[in-house]
Amino acid sequence: MPEPLRLPLARTLRDASALADAGLVPREAVPGLDEVAARYAIAVTPAVAALVDPGDPLDPVARQYVPTAEELVRAPEDRDDPIGDRRHAPVPGLVHRHRDRVLLLLHHSCPVYCRFCFRREVVGPGGPALVGEALDAALAYVAAHEEIWEVVLTGGDPFMVSPARAREVTARLAAIPHVKVLRWHTRVPVAAPERVSEEFAAALKCDRAVFVAVHANHPRELTPEARAACRRLVAAGHSLVSQSVLLRGVNDDVATLEALMRALVETGIKPYYLHHPDLAPGTAHFRLSIEEGRALADALRARVSGLGQPTYVLDVPDGYGKVPLGRDVVLDGAVRDLAGETRPYPPPPTG
Ligand SMILES: *Cc1c(COP(=O)(O)O)cnc(C)c1O
Ligand code: SF4
28 MPEPLRLPLA RTLRDASALA DAGLVPREAV PGLDEVAARY AIAVTPAVAA
78 LVDPGDPLDP VARQYVPTAE ELVRAPEDRD DPIGDRRHAP VPGLVHRHRD
128 RVLLLLHHSC PVYCRFCFRR EVVGPGGPAL VGEALDAALA YVAAHEEIWE
178 VVLTGGDPFM VSPARAREVT ARLAAIPHVK VLRWHTRVPV AAPERVSEEF
228 AAALKCDRAV FVAVHANHPR ELTPEARAAC RRLVAAGHSL VSQSVLLRGV
278 NDDVATLEAL MRALVETGIK PYYLHHPDLA PGTAHFRLSI EEGRALADAL
328 RARVSGLGQP TYVLDVPDGY GKVPLGRDVV LDGAVRDLAG ETRPYPPPPT
378 G
């Protein structure tokens with residue numbers, strides 16, 4: 028792996044000219060990328076920019092965050108609402124697809140804008156914030172539905188709120204007796220680790236189980252600063268899981284996936300999901316086939332401890348939920364072993 032070039036960046040890059048000034052895109056690409064920026068938000072934080080090797084045209088970190096003209100290409104299968112969130116939104120800012128859990132879209136913006144984002148049509152600066160009466164209505168819905176056992180805070184990125192707001196939302200959710208689990212989905216520990224202060228980590232504390240699902244796709248993203256941010260969350264008593272997206276040109280080889288999963292486990296994060304890429308508009312260049320994904324998940328199974336095994340899942344388009352994509356290992360009177368060989372396995376005794 029090449030030593031990443033450290034750029035002395037003071038602030039987040041938010042448009043094509045700023046990316047060109049920082050040497051992350053060629054100057055002549057700016058007009059085309061302005062067109063991309065008019066549709067999809069751009070943000071590259073100093074922490075992320077420092078990880079990019081500008082000398083590598085195939086850099087897997089840059090590929091996740093630096094826009095390209097390919098995003099203007101719409102494939103016939105692309106969908107504006109790829110996983111059907113809108114079909115299951117009883118009140119604004121809340122998605123109730125599965126009986127026992129809801130998504131609370133707490134905050135519209137993100138520290139960075141991932142070029143493959145599955146919610147790219149709705150996330151960005153200046154979106155609707157879940158505050159005031161809108162937050163009251165969403166929390167009233169949760170309180171009125173006793174079957175809701177878990178609340179997943181997402182967005183956008185819910186770690187973009189202030190510690191005071193995180194503390195307030197936590198307290199209000201923990202005051203609902205049937206809510207037993209709070210889960211925060213975030214890219215901040217990787218993209219802006221300095222935001223995960225001890226004060227922020229403490230703001231999530233309550234007398235319920237608190238999980239933080241960290242989004243990371245490449246082992247290089249687990250920098251010493253990112254690992255320290257995760258340790259502050261663990262020190263505050265939270266459990267950490269990961270979510271990664273399988274992306275062409277970023278992590279679609281088993282050595283990279285293995286290094287990613289090892290880096291996550293070493294940081295105290297249990298790999299949770301490896302997502303097959305969604306049908307978000309202008310993201311066809313990130314997709315690979317389910318067969319390729321299954322082969323990678325199989326190869327990972329053969330290489331890494333059980334602690335480093337995420338479940339490889341597809342969010343079935345249009346809101347039909349997530350399904351595991353793992354290869355079928357159960358055959359008639361036999362199973363397939365790690366090397367793909369058929370091994371007999373007897374049925375239980377009858378009678
Ligand atoms: C992904 C998702 C969840 C959480 O699913 P888990 O499998 O429990 O991680 C809940 N609701 C919706 C609508 C989702 O898309
Ligand atoms: S952090 Fe999540 S919601 Fe935000 S742009 Fe990336 S994938 Fe989308």
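Numbered by our numbering, the letters in the sequence shown go through residues 28 to 378 in order.
Glycine included, each C-beta is placed from N, C-alpha and C at the ideal position.
Within its chain, find whatever has a CB closer than 7 Å to the CB of Gly59; leave out the 5 residues flanking it on each side and keep chain order. Ala96
In this structure, what does DSSP give as the bridge partners for Val239? Trp211 and Leu267
Say yes only if the C-beta of Gly182 is nearer than 7 Å to one or more non-hydrogen atoms of ligand 2, and no if none qualify. yes
Using DSSP's beta-bridge definition, name the partner residues of Tyr339. Leu301
C-beta atoms of Leu249 and Leu260 nearer than 8 Å: no
Specify the secondary structure class of His135 as computed by DSSP and reduced to three states. coil
Proximal residues to Glu104 (C-beta, below 6 Å), its chain only, five neighbours per side dropped: Leu306
To which residues of the same chain is Arg194 closer than 7 Å at the C-beta, ignoring the five residues directly before and after it? Ala230
Measuring CA to CA, which of Leu341, Pro371 and Pro376 is closest to Asp359? Pro371
DSSP three-state assignment for Pro29, whether helix, strand or coil: Note that Pro29 scores 49 on pLDDT, short of 50, meaning its location in the model is unreliable and no value can be drawn from it.
Over the uninterrupted alpha helix (DSSP H) stretch that includes Val261, give me the two end residues. Pro251 to Ala262
Measure the CB-CB distance between Pro246 and Phe143 and report whether it falls below 8 Å. no
Three-way DSSP call (helix, strand, coil) for Val179 in this model: strand
Does ligand 2 have even one heavy atom less than 7 Å from the beta-carbon of Val356? no
Can you name the start and end residues of the beta strand (DSSP E) that Arg370 belongs to? Thr369 to Pro371
If I follow the unbroken alpha helix (DSSP H) through Leu327, where does it start and stop? Ile317 to Arg330
Between Val343 and Pro119, what straight-line distance do the alpha-carbon atoms span, to the nearest angstrom? 22 Å
Val356, DSSP secondary structure in three states: coil
Taking a contact to mean a Cβ-Cβ separation below 8 Å, would you say Val75 touches Val88 in this structure? yes
Considering only their Cβ atoms, is the gap separating Glu177 from Arg126 smaller than 8 Å? no
Determine the extent of the alpha helix (DSSP H) in which Arg314 is found, giving its start and end residues. Premise fails: Arg314 is in no alpha helix (DSSP H) and is neither H nor E.
Assigned exposure category for Tyr442 - 16 Cβ within 10 Å defines buried: Residue coverage of the chain in this structure runs from 28 to 378, which leaves residue 442 outside it and unanswerable.
Tell me the DSSP bridge mates of Val122? Leu130
Could you check the C-alpha separation between Ala219 and Gly183 for me, to the nearest Å? 14 Å
Closer than 7 Å: is that where the CB of Arg146 sits relative to any heavy atom of ligand 2? yes
DSSP three-state assignment for Arg41, whether helix, strand or coil: coil
Is Asp105 near ligand 1, with its Cβ less than 7 Å from a heavy atom? no
Could you tell me if Arg210 is buried or exposed, where buried requires 16 or more neighbouring beta carbons within 10 angstroms of its beta carbon? buried
What is the rounded straight-line gap between the Cα of Gly348 and the Cα of Val79? 34 Å
Near Tyr67, what residues of its chain come up, given a Cβ to Cβ distance below 6 Å and the 5 sequence neighbours on each side ignored? Arg147
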